[in-house]
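Residue numbers (my numbering): 23 to 156.
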């Protein structure tokens, strides 16, 4: 059985999410220390410094959109719809999210929001494809 292009992009998006998880954890550990990292974290810590905070917020933002992308790809797979909308939508989602991460961490506000929209429209394209391709 061959893995579809959309599932391949979903796998890459999963790896990208894991990379962001590790980056966020390491940034927090670097600020708060390994003792805090190994603790039950019952004691409130000061807010993360700007870059570490951006890395953590970016990861949370990714996790807000990722389940919707997963659902879109699963719907595409189960309906057997694989076309330009699903392919380019998948590319737009993942490419947009990678670019969003860089812009977010660098603190570039307007371009970051525009790129977020590219990723969102990509995800919506994948979701719409089974319904408009009939």
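From the three backbone atoms N, C-alpha and C, an ideal C-beta is built for every residue, glycine too.
How should residue i be labelled, buried or exposed, when 16 other C-beta atoms within 10 angstroms of its C-beta is the threshold for buried?
| i | result |
| --- | --- |
| residue 48 | exposed |
| residue 159 | Lying before the first or after the last residue shown, residue 159 is absent from the chain, which here runs from 23 to 156. |
| residue 25 | exposed |
| residue 71 | exposed |
| residue 57 | exposed |
| residue 107 | buried |
| residue 91 | buried |
| residue 111 | buried |
| residue 37 | exposed |
| residue 31 | buried |
Assuming residue i and residue j make a contact with CB atoms under 8 Å, what is their CB distance in whole Å?
| i | j | result |
| --- | --- | --- |
| residue 161 | residue 78 | What the structure shows of the chain is the stretch from 23 to 156, and residue 161 is not part of that stretch, so it cannot be assessed. |
| residue 87 | residue 145 | 7 Å |
| residue 116 | residue 35 | 5 Å |
| residue 94 | residue 149 | 4 Å |
Skipping 5 residues on each side, what residues in its chain have a beta carbon closer than 8 Å to that of residue i?
| i | result |
| --- | --- |
| residue 126 | 76, 79, 80, 83 and 134 |
| residue 147 | 107, 108, 110, 111 and 114 |
| residue 42 | 77, 80, 81, 84 and 123 |
| residue 105 | 151 and 155 |
Which residues in the same chain have their Cβ closer than 6 Å to the Cβ of residue i, if we skip the five residues on either side of it in sequence?
| i | result |
| --- | --- |
| residue 109 | 27 |
| residue 97 | 152 |
| residue 140 | 114 and 118 |
Counting only beta-carbon atoms, is residue i nearer than 8 Å to chain D?
| i | result |
| --- | --- |
| residue 87 | Absent from the structure: chain D. Only one protein chain is present. |
Give me, in chain order, the residues of the same chain whose beta-carbon lies closer than 7 Å to that of residue i; leave out the 5 immediate sequence neighbours on both sides.
| i | result |
| --- | --- |
| residue 137 | 118, 121, 122 and 125 |
| residue 44 | none |
| residue 103 | 151, 152 and 155 |
Enumerate, from N- to C-terminal direction, the unbroken beta strand (DSSP E) stretches of 3 or more residues contained entirely within the stretch 83-117. Fully contained in the stretch 83-117 is no beta strand (DSSP E) run of length 3 or more.
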